[in-house]
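Residue numbers (my numbering): 22 to 243.
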């Protein structure tokens with residue numbers, strides 16, 4: 022296989038990855054390119070579908086993860102972690118790291134780890150095992166950011182507390198989650214009549230295009 026064809030396949034796969042597109046597109050993309058560029062011999066020789074695209078992606082992931090792990094072994098970094106669920110209802114731990122290289126802060130996806138349970142000890146244990154299995158010292162962690170759930174942020178037995186027992190870190194709770202809590206408490210001070218009016222105005226207009234149109238005309242008239 023020529024280097025031009027290899028480069029074309031690699032570029033197509035990275036395009037799908039970058040834009041979060043399904044690998045199913047690869048089953049028709051080669052034929053589409055051949056139709057658009059009938060004079061290109063390289064395009065005619067492209068032979069890539071979803072299976073090959075998946076395998077190329079796995080190789081890219083393996084290479085980039087290996088390079089990132091090598092970097093994290095020799096620098097200080099912060100971790101951003103959260104739980105997520107896929108379509109098969111399996112629970113996973115998402116790990117993103119932030120570190121500085123050549124005076125530039127970089128955020129990189131590190132791992133997606135399946136969780137047996139979602140309690141704090143399981144989450145911390147999964148993260149710790151991944152790092153130690155890759156010879157990354159916990160002492161290299163200088164910061165952690167999570168949501169404000171007790172599993173993550175609990176002062177006694179949360180993931181934050183468990184990590185603090187291993188190393189000194191700066192901890193940052195999700196500002197969006199904190200802001201949501203602030204707004205929730207603040208709205209409790211608003212008179213109930215005002216809350217009722219706001220909810221009902223939205224309910225009235227959200228289900229009627231005619232009402233929205235009439236309201237718009239009323240605004241223009243006034």
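Note that the Cβ used here is the ideal one computed from N, Cα and C, for glycine as well.
Original post:
When the distance is taken between beta carbons, is residue 191 closer than 8 Å to residue 164?
Top reply: Yes.
Original post:
How many angstroms separate the CA atom of residue 38 from the CA atom of residue 102?
Top reply: So the alpha carbons of these two residues sit roughly 21 Å apart.
Original post:
Across which residues does DSSP place residue 266 in a beta bridge pair?
Top reply: A question about residue 266 goes unanswered here, because the residues of the chain that appear run from 22 up to 243.
Original post:
Which of the three DSSP states, helix, strand or coil, is assigned to residue 232?
Top reply: Secondary structure at residue 232: helix, using DSSP grouped into helix, strand and coil.
Subject >> Three or more C-beta pairs below 8 Å linking the region 121-128 and the region 177-189 >> reply: Segments in contact, no.
Original post:
At which residues does the alpha helix (DSSP H) containing residue 151 begin and terminate?
Top reply: Its alpha helix (DSSP H) spans residues 141-154.
Original post:
Rounded C-beta distance between residue 114 and residue 70? I'm assuming under 8 Å.
Top reply: About 32 Å; that fails the 8 Å criterion.
Original post:
According to the Cβ coordinates, are residue 98 and residue 162 closer than 8 Å?
Top reply: Note that the C-beta distance between residue 98 and residue 162 is below 8 Å.
Original post:
Near residue 63, which residues of its chain fall below 8 Å by C-beta distance, leaving aside the five closest residues on each side in sequence?
Top reply: Counting only Cβ-Cβ distances below 8 Å, and skipping sequence neighbours, we find 23, 25, 26 and 29.
Subject >> Spatial neighbours of residue 93 in its chain, beta-carbon cut-off 6 Å, leaving aside the 5 residues before and after >> reply: Excluding residues within five positions, the ones whose Cβ falls inside 6 Å are 157.
Subject >> residue 233 versus residue 225: straight-line alpha-carbon distance, rounded >> reply: Approximately 9 Å between the Cα atoms of the pair.
Original post:
Contact between the region 102-111 and the region 72-79: three or more CB pairs below 8 Å?
Top reply: No contact exists between the region 102-111 and the region 72-79.
Original post:
In this structure, what does DSSP give as the bridge partners for residue 134?
Top reply: Answer by DSSP bridge pairing, in chain order: 114.
Original post:
Shortest alpha-carbon distance to residue 139 belongs to which of 173, 90 and 166?
Top reply: The shortest C-alpha separation from residue 139 is found at 173.
**OP:** Kindly indicate the opening and closing residues of the alpha helix (DSSP H) around residue 54.
**Re:** Element bounds for residue 54: 47-57.
**OP:** Determine the extent of the beta strand (DSSP E) in which residue 193 is found, giving its start and end residues.
**Re:** Counting along the chain, the unbroken beta strand (DSSP E) around residue 193 starts and ends at 191-194.
Subject >> Cβ pair residue 129, residue 159 closer than 8 Å >> reply: For residue 129 and residue 159, no; Cβs fall outside 8 Å.
Original post:
So what's residue 210 in DSSP terms, helix, strand or just coil?
Top reply: DSSP places residue 210 in coil when its eight states are reduced to three.
**OP:** To the nearest angstrom, report how far apart residue 136 and residue 143 are at their CA atoms.
**Re:** If I take the Cα positions, the gap works out to 7 Å.
Original post:
When the Cα atoms are used, what is the spatial distance from residue 177 to residue 145?
Top reply: Near 14 Å, if we compare the C-alpha coordinates of residue 145 and residue 177.
Original post:
Got a sec? Which residues, its chain only, sit under 6 Å from residue 55 by beta carbon, not counting five neighbours each side?
Top reply: Closer than 6 Å at the Cβ level, and outside the excluded window around residue 55, lie 64 and 65.
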